[in-house]
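First residue of the sequence shown? That's 2 in the numbering used here, and the numbers climb one at a time after it. Quick reminder that beta carbons are idealized off the backbone N, C-alpha and C, glycines included.
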Amino acid sequence: MSLYGSLFAMTGEWWWTVGITAVAVAALVAWSKPYSEISMGRRRQIWRWTSAVVLSVCALGLFGIAGRELFGDKSIRVGDTTDPRRVACGSVVDPRPDDMLTAQFPDDFPVEARQQFGPISLDSSARRCADRLDSSAYFAAATALGAAQLTGRALIHLRVRRVPVDSVTP
Numbered sequence: 002m003s004l005y006g007s008l009f010a011m012t013g014e015w016w017w018t019v020g021i022t023a024v025a026v027a028a029l030v031a032w033s034k035p036y037s038e039i040s041m042g043r044r045r046q047i048w049r050w051t052s053a054v055v056l057s058v059c060a061l062g063l064f065g066i067a068g069r070e071l072f073g074d075k076s077i078r079v080g081d082t083t084d085p086r087r088v089a090c091g092s093v094v095d096p097r098p099d100d101m102l103t104a105q106f107p108d109d110f111p112v113e114a115r116q117q118f119g120p121i122s123l124d125s126s127a128r129r130c131a132d133r134l135d136s137s138a139y140f141a142a143a144t145a146l147g148a149a150q151l152t153g154r155a156l157i158h159l160r161v162r163r164v165p166v167d168s169v170t171p
């Protein structure tokens, strides 16, 4: 789970995510300012490339998680922990219509035992599916935002720092 997904899950307020992002962007801008006292030697070059590659791989992973949250099919449990039925909700970009939400038993569940479970309200299933898809959309947005920040930081690592002319001693 990403930092932003956790923050939204804890607070339920979108503006916390925006505020934390603004602080992170300001910190990244301040961190990327060139300092003339930093060595531009070979060790510095290796560190820059290593950091950029590691951050890029992490960002790709987060973008993949965000894509899975948006395009992957979601399902919900119908009842309590003893009820094995699930309702397929579809994905965030392609949700199932309310009239197609039906509770399904697992294939290996005995037919005789299926009779003990009562019917499921369509309104309840529709509401719970909508909540599940909304939380997936928020998590995908927060994860993509974190991935974008890592991508920005990787690009900052790849930027060639220019040493000011007046700081070079003859």
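Here DSSP, grouped into helix, strand and coil, assigns Ile121 to coil. In the DSSP annotation of this structure, Gly73 is not part of any beta strand (DSSP E), being labelled neither H nor E.
For Ile77, the beta-bridge partners assigned by DSSP are Val88. By the Cβ-count criterion, Ile66 is buried, with 16 or more other Cβ atoms from all chains shown falling within 10 Å of its own Cβ.
Taking C-alpha positions only, Ile77 is separated from Arg133 by approximately 7 Å.
Counting of Cβ neighbours within 10 angstroms places Ser122 among the exposed residues, the total staying below 16. When rounded, the separation of the alpha-carbon atoms in Pro96 and Val55 is 35 Å.
Around the CB of Phe110, fewer than 16 other CB atoms lie within 10 Å, so the residue is classed as exposed. Annotated as distal: Ala138 and Val88, with beta-carbon spacing of 8 Å or more. Straight through space, the alpha carbons of Ala25 and Ala155 are spaced by roughly 14 Å. Inter-residue distance for Ser136 and Cys90 is about 13 Å (C-alpha atoms, whole angstroms).
Distance from Leu63 to Gly153 at the Cβ level is roughly 13 Å; contact not present, criterion being Cβ atoms closer than 8 Å. Just so you know, the alpha carbons of Pro107 and Pro120 end up roughly 16 Å apart.
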